[in-house]
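The structure appears below as structure tokens.
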Amino acid sequence: MNKKNLIIEFSEYNSLTDGVEKSLVLLTKAAEKNLKNSYSPYSQFKVSSAIKLANGNIILGTNQENAAYPSGICAERVAIFSAKSTFPEQDVIEIAIVTEQSNPTPFSPCGACRQVLMEYEMLQKKPIKVILKSGNSKIWVFNSIKDLLPFGFDAVDILKK
Ligand code: THU
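Add 632 to the 1-based position in the sequence shown for this note's numbering, that's all there is to it.
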């Protein structure tokens, strides 16, 4: 038996002016500006996401809820599905995920969103950077979706076998 460790590296910043890469700052601000378009009357939890594509386009998404609760969808999936529906050939370079509600550390994307983002990262074979910010929280930057979904199910590989 071998005991093994998994170390995940990510960067923590105190604010957007604490040395965060410029393109991530712009993307985060775009996501924050669009928080107002979250339709979340049931949870009152506003989430917004912005995706930067290789062609420079910024695609936005916010969480959209429904009276039939499970019919709603997270901001990240609205953004990535919209990006891939409009520009299927464009690689995703980075994604910002922000919430209106503050927390000491940022809220992190749900498992379903991580899995969906992982699919496209695997397909494009290039890592997607992730920036997380919740209100006035610390800011976390990950270099790859894999860092948010260790041991993730990589079905894209299975399809090719
Ligand atoms: N939500 C997101 O938009 N993204 C996540 O990663 C987690 C949760 C939304 C879903 C729902 O509208 C609200 O936040 C409360 O769960």
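Think of the CB as a built atom: it goes at the ideal place given N, C-alpha and C, for glycine as much as any other residue. Fair warning: this is a prediction, and the values are worked out from it, not measured in the lab.
*Take every Cβ of the segment 645-653, pair it with every Cβ of the segment 689-705, and state whether three or more of those distances are shorter than 8 Å.*
no
_Own chain partners of Ser714 with C-beta closer than 7 Å, once the 5 adjacent residues on each side are dropped_ = Ile691, Gly693
*Take Ala663 as the anchor and find which of Thr737, Glu732, Met754 has the nearest alpha-carbon.*
Glu732
*Is the segment 636-646 touching the segment 664-679 in the sense that three or more CB pairs, one from each, lie closer than 8 Å?*
no
*Can you tell me the Cβ-Cβ gap for Ile777 and Glu753, rounded? I've got them flagged as a contact below 8 Å.*
5 Å
*asked:* So Leu781 and Phe774 are supposed to be a Cβ contact under 8 Å. How far apart are they, rounded?
replied: That pair is no contact at about 10 Å.
_Ser675 beta carbon near the ligand THU (any heavy atom closer than 6 Å)_ = yes
_Pro741 CB to nearest heavy atom of the ligand GDP below 6 Å_ = Because the ligand GDP does not appear in the structure shown, any question about it cannot be addressed here, the ligands present being the ligand THU.
*Nearest-angstrom Cα distance between Ser739 and Asn634?*
The question names Ser, yet the displayed sequence has Phe at residue 739. In a straight line, the C-alpha of Phe739 is about 33 Å away from that of Asn634.
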